[in-house]
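As structure tokens, the structure follows; a few thoughts come after it.
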Amino acid sequence: MRGGGGPRGARVSKADHEAQREINRQAPKIKNLGSRIFTLFKPYRAQISILIVMVLLSAALGIIPPLITQRVFDDGLFPETGGPNMPVVLQLVGLMLGIFIITQIISVAQAYYTARVGNRVMGDLRIQLFAHLQSMELAFFTRTKTGVIQSRLQNDVGGVAGVLSNTVSSVIGNTVTVISAFIAMVLLSWQLTIIAFIVLPFLVWGQRRVGQIRAKIAGQAQESLSEMSAITQETLSVSGVLLAKTYSRQSSEIERYSDENAHQITLQVHQAMSGQLFFGVVNIFMSAVPAVVYLVSGWLLSAGSSGSFAFGEAGITAGTIVAFTTVQSRLLFPMMGLMRVALDLQTSSALFARIFEYLDMKPAIVDAPDAKSPSDEPGKAGHIQFDNVSFRYEDASAESRPTLDRVSFDIEPGQFVAFVGASGSGKTTIGNLVPRLYDASSGTVSYAGDDVRDLKQEELMKHIGVVTQEPYLFHASIAENLRYGKPGATQEEIEKAARLANIHDTITSFETGYDTVVGERGYRLSGGEKQRIAIARVLLKNPRVLVLDEATSALDTVNERAVQHALDTAAEGRTTIAIAHRLSTIEGADRIYVVDRGQIIESGTHEELLDKAGAYAQLYSQQAT
1 MRGGGGPRGA RVSKADHEAQ REINRQAPKI KNLGSRIFTL FKPYRAQISI LIVMVLLSAA
61 LGIIPPLITQ RVFDDGLFPE TGGPNMPVVL QLVGLMLGIF IITQIISVAQ AYYTARVGNR
121 VMGDLRIQLF AHLQSMELAF FTRTKTGVIQ SRLQNDVGGV AGVLSNTVSS VIGNTVTVIS
181 AFIAMVLLSW QLTIIAFIVL PFLVWGQRRV GQIRAKIAGQ AQESLSEMSA ITQETLSVSG
241 VLLAKTYSRQ SSEIERYSDE NAHQITLQVH QAMSGQLFFG VVNIFMSAVP AVVYLVSGWL
301 LSAGSSGSFA FGEAGITAGT IVAFTTVQSR LLFPMMGLMR VALDLQTSSA LFARIFEYLD
361 MKPAIVDAPD AKSPSDEPGK AGHIQFDNVS FRYEDASAES RPTLDRVSFD IEPGQFVAFV
421 GASGSGKTTI GNLVPRLYDA SSGTVSYAGD DVRDLKQEEL MKHIGVVTQE PYLFHASIAE
481 NLRYGKPGAT QEEIEKAARL ANIHDTITSF ETGYDTVVGE RGYRLSGGEK QRIAIARVLL
541 KNPRVLVLDE ATSALDTVNE RAVQHALDTA AEGRTTIAIA HRLSTIEGAD RIYVVDRGQI
601 IESGTHEELL DKAGAYAQLY SQQAT
């Protein structure tokens, strides 16, 4: 947000939602989507190789029983001479049962490897997306709703889970089964095979058309899920619920969620029903093939016996017909499986595209190839300099004035410097440029004598601590919130920081002390308590520079004094930048800069600025009355 201004958690209109959906629909397609999906499986080549061997073995064993069936009929039950040959029947049936047992053992192992590989790939993708989002610049999160980001991470990745888990084994297993069954059918009777596969091209064409429709619906469904996640995040957070209750807007929020939920239900029904007619036709065809085979077989046998049909001597026997229809019936599930996988891949392409769209985003702020760590030398660490710095937010129009316009100042190590001015003047932006949460549009921001763009971001942030007007606390214990500033901190270090922040006595007065759970965003604590815990967390971090962004402006007088005392303690021996609203809190600053419309218009000590009788003196007079 610019200069700390603007409403937080502002509602987005329905027109805005429709505009965003249109942007999503018009977003460029991800190139080489298929190859990128299969690249996700590369780290698991060994497991996939084992899976492929099991699938091939299982598929190969799967075509043997139909061939044995032919021998059971022709050599065991109905031999050319005499009655049934029971020794042959027992031998063949025993072999068939043994193959069934081995196939099921392989099937269990195959299911294990499939689940293991698929879920690990999905986990890797989720971590990859989460890590990439962590690398994005602050501006990305200020222009993107949290619920939308959460939806990409949870709903979209979860939506492709089935594809990731089942694609490899299903494609390999079903393909091998279809090919091997096809070979077996040709060996049994190539004439009947032609009859069985004559409509296959029409089925493939139908599958592609259905897949395109389902992919479009899937994309719309995920957009709707993103919107539902955004509404949930906005309205069911502590702040959202409090806002709705205080403005009596619960019914309108329910209506907003209900409308989107109805839209989601409609899309889910459309997605579930798309392709049902197609698969119904496939089922009818595959189920009718045996009847057609019986009809054609009778015709072939009749033609052969009359001598009018040349391949009537092709050896079509009762065993051949039974074996052929058995093999053909085994084609139903693998062919349906292949078609469903193809449909799932087409349907999931919209979800993968949304995931890869985020992964392809380039962070606007990255370390230079030769980035170095900030200097820790005494006399240099903590030195901050702005040299002719200008800054304009990305979404600002070219005609609007820049947020900062040619700002220059020099802060020596250990100095206490304050920036004051009206809301929206650019004070918070100055505080954001120091730790490189944003990059200057022009000019140079330096730390310890180096341009911050030449420093490693992570190392730079170790030198800088920030206390904002609205401190963020996790739904965890006080101790856990404090240790966020220093993960390995001992209890003694935590208590020392809490004493310096003037909050230790308050914490120990709680029934569970440092194990007290603070609630969502710390709502079980008062504003002053949250602020002092945030200060203690910064003290545990022990930074060289302290940026105080209107840290007491929202507090009452009693809490302000307690927090101000903690801030004074925290500032000792550190370079301190105070972005202040209440001028009484920065009267002792070494230097005060007055910011107006993105420019520094006055600077000096409190007494010097009052003597000038300029903008600062006017602000001070207004607050004093």
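The opening position of the sequence shown corresponds to residue 1 in the numbering used here, with each subsequent residue numbered one higher.
The beta carbon of each residue, even a glycine, is placed where N, CA and C say it ideally should be.
Beyond the five residues adjoining it in sequence on each side, Ala381 comes within less than 8 angstroms, by CB distance, of Pro374, Ser375, Pro413, Ala448, His463 and Arg544 in the same chain, given in chain order. In this structure Ala59 does not touch Thr142 by the C-beta definition: roughly 53 angstroms separates them, more than the 8 angstroms allowed. Membership of Ser49 in the alpha helix (DSSP H) is indicated by the continuous run Arg45 to Gly62. Restricting attention to Thr444, Asp367 and Val341, the CA atom closest to the CA of Asp410 is found in Thr444. Looking only at Asp360, Gly98 and Leu548, the smallest Cα-Cα distance to Arg36 is reached by Asp360. Ranked by how close their Cα comes to the Cα of Met461, the residues His263, Asp367 and Lys612 have Asp367 in first place. Under the three-state reduction of DSSP, Asp156 is assigned to helix. The three-state reading of DSSP puts Gly604 in strand, counting E and B together.
Note that the C-beta distance between Val563 and Ala551 is below 8 angstroms. The DSSP-derived three-state label of Ile507 is helix. Boundaries for Gln469: no alpha helix (DSSP H) harbours it, and the DSSP string shows neither H nor E there.
Secondary structure in the stretch 379 to 461: the beta strand (DSSP E) runs of 3 residues or longer, each lying completely within the stretch, are 384 to 391, 404 to 411, 416 to 420 and 442 to 447 in chain order. Around the beta-carbon of Ile63, 16 or more other beta-carbon atoms lie within 10 Å, marking it buried. The three-state secondary structure of Arg71, taken from DSSP, is helix. Here Thr193 carries a helix assignment [DSSP, helix/strand/coil].
When the beta-carbon positions are compared, Ala498 and Ala534 stay at least 8 angstroms from each other. About 6 angstroms separates the CB atoms of Ala353 and Leu33; that is less than 8 angstroms, so the two are in contact. In this structure the stretch 66 to 79 touches the stretch 88 to 101; the number of beta carbon pairs closer than 8 angstroms is three or more. Within the DSSP bridge table, the entry for Ala353 names no partner. Inter-residue distance for Gln264 and Gln47 is about 38 angstroms (C-alpha atoms, whole angstroms).
In the three-state scheme derived from DSSP, where H, G and I count as helix and E and B as strand, Gly34 is classed as helix.
By the Cβ rule, the stretch 513 to 526 counts as touching the stretch 473 to 489, because three or more pairs are nearer than 8 angstroms. In the structure shown, Ser526 falls within a coil segment according to DSSP collapsed to helix, strand and coil. For Tyr593, the enclosing beta strand (DSSP E) stretches over residues Arg591 to Asp596. In the structure shown, Asp124 adopts helical secondary structure according to DSSP, grouped into three states.
Nearest to Val407 by C-alpha distance, out of Asp596, Tyr438 and Phe38, is Asp596.
Under DSSP, Ser477 takes part in a beta bridge, and its partners are Val517. In this structure, the straight-line span from the alpha carbon of Gly522 to that of Gln531 is close to 10 angstroms.
Between the C-alpha atoms of Tyr112 and Leu51 there is a straight-line separation of about 9 angstroms. Cβ contact annotation for His270 (same chain, cutoff 8 angstroms, sequence separation greater than five): Ile217, in chain order. Annotation for Tyr484: Phe474 and Arg537 place their beta carbon closer than 8 angstroms to its own, counting only its chain and skipping 5 residues before and after. In the three-state DSSP reduction, Val547 falls in the strand class (E or B).
At least 8 angstroms separates the beta-carbon of Phe73 from that of Leu192. Boundaries of the beta strand (DSSP E) harbouring Thr576: Thr575 to Ala580, taken from the DSSP string.
If you look at Arg249, you'll find it isn't in any alpha helix (DSSP H); DSSP assigns it neither H nor E. A Cβ-Cβ contact shorter than 8 angstroms links Gly598 with Gly426.
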